[in-house]
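See structure below.
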Amino acid sequence: MIANTRFSVLDRSRTREGQDAPEALRDTVRLAGRLEALGYHRFWVSEHHSVPGVAGSAPTVLAAAVAAATSTIRVGTGGVMLPNHRPLVVAEQFGVLESLFPGRIDMGIGRSVGFTDGIRRALGKDKRAVRNPEDFAAQIEELLGWFTGDQSLYPQVHALPAEGLRPAPFVLAMGEGADIAAAAGLPMVVGDLRGRERMLRAVERYRDGFRPSVWSDRPYVVVAGTVAVAASEEEARRLLIPEAWSMAHSRTRGVFPPLAPAERIGTLAMTAKEREFYESGLRGHVQGTEEQVAEALGSVIAESAADEVLVTTSTYDRDALLESFTRLARIAGLGAGTGS
């Protein structure tokens, strides 16, 4: 089951202690080339604004750099947050990407806005921008219409060079997002793997409501989450520690810090609340040895009938992260990951 499934990676350009944002962005581009060599199907980048521990704020710009540094792996966004942008501008950006790298560009679309009031004000948005799913559905319809030439809101306007091109669209979905993806006839990305029951309900809603479109003639499900593979359970757990602590720190102090070494985190004196969030952040992921991860992923894929798995793992140790991706490529039978 796992060997017949596509595997891809979403990299959030996380910064590490002692590292600046430009270095994190260069790490992202280098990682894409290594994962291409291992046989991964896609490499996606994300959109975050004013988050100290995340360098990726302009996903289409970063996607262009990744695509220029690679040659076969699909490249895209996971995702562009459509409420932050005008659909015309997003269409133009992806039109440029698809023109420069034909047949390799994915247009992952999400509906989040900035996570603080200050960021939302700076973006000219507020929480109301994402409360109504009908607004997001209308934005998607307008965005896709710029490519097909079917949008009617601005009859004398053309999105150039987007019109007539077909970058592959995906909807990042939970809850109502599954219904939006189904009604639009688009592939859906659903996560995370820790919320298995919620994920499966979203997949069922999506498949039940799917309407074929010019973009996709059948449902296509991508399940997303953290996967850590190592020589032992302990080493796999160590991979998860930097992100778990970073999340715990942000939940208790309101600041999302760069990733720290697992060894130093182990010496910290955490408050009870920090410890609670930290331990929660370590639970529920797919982690362990190659045999354990293969079994766990096989169960996820069997239950969801997923077409693809999108891995979102972040950690401080770059070499250990690449080893995890290499081990995952091997058990999934991906190109060079099999040793061929």
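Each number in my numbering corresponds to the 1-based position in the sequence shown with 48 added.
By construction, the Cβ of each residue, glycine as well, lies at the ideal position given by its N, Cα and C atoms.
Pick from the options: whose alpha carbon is nearest that of residue i?
i: residue 327; options: 315, 343, 295; result: 295
i: residue 268; options: 257, 148, 72; result: 257
i: residue 38; options: 208, 232, 73, 143; result: Absent from the structure is residue 38, since the part of the chain shown begins at 49 and ends at 388.
i: residue 108; options: 140, 85, 79; result: 140
i: residue 104; options: 68, 199, 289; result: 68
i: residue 298; options: 279, 283, 329, 276; result: 329
i: residue 193; options: 319, 136, 158; result: 136
i: residue 195; options: 214, 312, 205; result: 214
i: residue 339; options: 83, 227, 278; result: 278
i: residue 169; options: 123, 325, 311, 98; result: 98
i: residue 363; options: 322, 323, 276, 355; result: 276
i: residue 96; options: 333, 60, 82, 121; result: 60
i: residue 116; options: 152, 128, 305; result: 152
i: residue 333; options: 366, 134, 240, 112; result: 240
i: residue 156; options: 134, 281, 123; result: 123
i: residue 293; options: 273, 322, 202, 270; result: 322
i: residue 337; options: 80, 371, 154, 351; result: 371
i: residue 110; options: 101, 127, 100, 158; result: 127
i: residue 120; options: 285, 100, 83; result: 83
i: residue 280; options: 64, 154, 133, 368; result: 368
i: residue 302; options: 191, 65, 100; result: 100
i: residue 210; options: 335, 148, 300, 284; result: 148
i: residue 335; options: 375, 320, 300; result: 375
i: residue 189; options: 320, 125, 134; result: 134
To the nearest angstrom, how far is the alpha carbon of residue i from that of residue j?
i: residue 236; j: residue 91; result: 16 Å
i: residue 146; j: residue 263; result: 15 Å
i: residue 315; j: residue 142; result: 46 Å
i: residue 54; j: residue 373; result: 14 Å
i: residue 182; j: residue 309; result: 43 Å
i: residue 184; j: residue 130; result: 8 Å
i: residue 150; j: residue 203; result: 27 Å
i: residue 247; j: residue 238; result: 6 Å
i: residue 270; j: residue 357; result: 6 Å
i: residue 161; j: residue 172; result: 10 Å
i: residue 200; j: residue 261; result: 18 Å
i: residue 304; j: residue 158; result: 21 Å
i: residue 286; j: residue 313; result: 10 Å
i: residue 71; j: residue 318; result: 29 Å
i: residue 207; j: residue 342; result: 44 Å
i: residue 212; j: residue 265; result: 18 Å
i: residue 217; j: residue 234; result: 7 Å
i: residue 325; j: residue 144; result: 42 Å
i: residue 58; j: residue 361; result: 8 Å
i: residue 345; j: residue 221; result: 20 Å
i: residue 272; j: residue 125; result: 14 Å
i: residue 198; j: residue 283; result: 52 Å
Can you name, in chain order, every residue of its own chain whose Cβ lies under 7 Å from the Cβ of residue i, other than the five neighbours on each side?
i: residue 51; result: 380, 381
i: residue 167; result: 97, 98
i: residue 225; result: 159, 219
i: residue 138; result: 128, 130, 191
i: residue 251; result: 238, 269, 352
In the DSSP output, what is residue i paired with across the bridge?
i: residue 236; result: 219, 269
i: residue 155; result: 217
i: residue 91; result: 57, 123
i: residue 330; result: Bridge partners of residue 330: none, in fact.
i: residue 62; result: 102
i: residue 336; result: 277
Just to check, is the beta-carbon of residue i closer than 8 Å to a non-hydrogen atom of the ligand FAD?
i: residue 123; result: Among the ligands in the structure shown, none appear at all, so the ligand FAD cannot be discussed.
Leaving aside the five residues before and after residue i along the sequence, list all residues of the same chain whose C-beta is less than 8 Å from its C-beta, in chain order.
i: residue 230; result: 236, 253, 254, 255, 256, 257, 258, 259, 267
i: residue 311; result: none
i: residue 227; result: 181, 253, 254, 257
i: residue 114; result: 76, 77, 80, 91, 93, 123
i: residue 56; result: 88, 89, 90, 91, 92, 122, 270, 356, 357, 358, 359
i: residue 244; result: 348, 351
i: residue 118; result: 80, 81, 84, 91
i: residue 307; result: 62, 63, 64, 65, 101, 290, 291, 294, 362, 363, 364
i: residue 354; result: 53, 251, 269, 270, 271, 348
For residue i, I'd like the list of residues in its chain whose CB is within less than 6 Å of its CB, leaving aside the five on either flank, ordered along the chain.
i: residue 73; result: 61, 103
i: residue 242; result: 332
i: residue 289; result: 310, 313
At 3 residues or longer, what runs of the beta strand (DSSP E) sit wholly inside the segment 245 to 306?
269 to 273, 275 to 277
Which whole runs of the beta strand (DSSP E) in the segment 94 to 152 are 3 residues long or more, in chain order?
122 to 125
Jot down the residue ranges of each uninterrupted alpha helix (DSSP H) in the segment 166 to 203, minimum 4 residues, whole runs only, in chain order.
176 to 179, 181 to 196
Could you name each continuous beta strand (DSSP E) segment of 3 residues or more that falls completely within the segment 334 to 381, going from the start of the chain to the end?
334 to 336, 356 to 359
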